[in-house]
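Residue numbers (the numbering used here): -8 to 282.
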């Protein structure tokens, strides 16, 4: 089991759950796993997070919409509730706050459906994320808000390793000062890997897509898509599992897609790879359970 510890603050409902080790994501290798699950799902903790974050926007910032990333809808709702109290401003005719969640394309681009786009167009949008570290997801959100005609009013997160992203200030409750030895490394230049330190957890979430008729798909594109979306899952798991099995613990998360279950027109190859990821995950769960 990964040993989680709780970092308290002066407020009883505000704390950070972390585990020290060697963790791999699609963007980087990090020496702490930060678990914000309960802050995102437990109402009392979500309220405490919202009250802490909202002070940065009192009196000075107009917020019309909260765009929730990383499953932060409960926090976003609590934040919207705080933002409608005295001392805060919004430009919505009904004097309330929109709380919305975007969708993602298979290439990780953020999109808004036609019924949500008006809640961004011409609005001041606060982007809420569980964490801001590499900044890839938040940058995509900023680009989406700009594309749909909104203005980014601010960036908020429970944990962040940066004070700004694309020139926009980041407000967070926790930062590296809360974890003085927190470090993030490029996977190609990770000192923990070079020192032979084992990996405690693996998240497979790399993915690319091809949109078009299967009959028009070049061989090279088919092989490239399989290599990125399915082969990478196999090779990375094969690399880390022996060490996890020998230690008796570890975690692997494989990110898939609903298209792996139901299939998508004009995305047959992508659907096939995600179906493969689903089957591989289920088979390995049975294979590894005795370990």
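Backbone N, C-alpha and C define an ideal beta-carbon position, used for all residues, glycine too.
| Query | Result |
| --- | --- |
| What whole-angstrom Cβ distance do residue 145 and residue 47 have, given they're in contact under 8 Å? | 7 Å |
| Pick helix, strand or coil for residue 155, following the three-state DSSP scheme. | strand |
| Identify the residues that DSSP records as bridge partners of residue 9: which are they? | -4 and 25 |
| I'd like to know if the stretch 164 to 184 and the stretch 227 to 241 are in contact, where contact means that at least 3 CB-CB pairs between them fall below 8 Å. | no |
| Among 0, 7, 186 and -5, whose alpha-carbon lies nearest the alpha-carbon of residue 150? | 7 |
| Please specify which runs of the beta strand (DSSP E), each continuous and at least 3 residues long, are wholly inside the stretch 130 to 214, giving them in chain order. | 142 to 151, 159 to 165 and 192 to 195 |
| Buried or exposed, going by whether 16 or more other CB atoms sit within 10 Å of the CB of residue -2? | exposed |
| Assuming residue 224 is part of the alpha helix (DSSP H), what are its boundary residues? | 223 to 238 |
| Tell me the residue span of the beta strand (DSSP E) that contains residue 56. | 56 to 59 |
| Do residue 148 and residue 168 have their beta-carbon atoms positioned less than 9 Å apart in this structure? | no |
| Just to confirm, is the Cβ distance from residue 178 to residue 13 under 9 Å? | no |
| Helix, strand or coil for residue 280? Go by DSSP, reduced to three states. | coil |
| For residue 213 and residue 197, what's the separation of their Cα atoms in angstroms? | 16 Å |
| Round the Cβ separation of residue 136 and residue 74 to the nearest angstrom and send it over; I've been treating them as touching at under 8 Å. | Actually they do not touch by this definition, with Cβ atoms about 17 Å apart. |
| Are residue 279 and residue 232 touching if we call contact CB-CB under 9 Å? | yes |
| Residue 101 by DSSP, collapsed to three states: which one? | strand |
| On the three-state DSSP scale, how would you describe residue 245? | strand |
| Can you tell which of 180, 165, 130 and 143 has the C-alpha that lies nearest to the C-alpha of residue 156? | 130 |
| Does any C-beta atom of chain C lie closer than 9 Å to the C-beta of residue 144? | Checking the listed chains, one finds no chain C in this structure; it contains a single protein chain. |
| Measuring CB to CB, does residue 92 end up less than 9 Å from residue 60? | yes |
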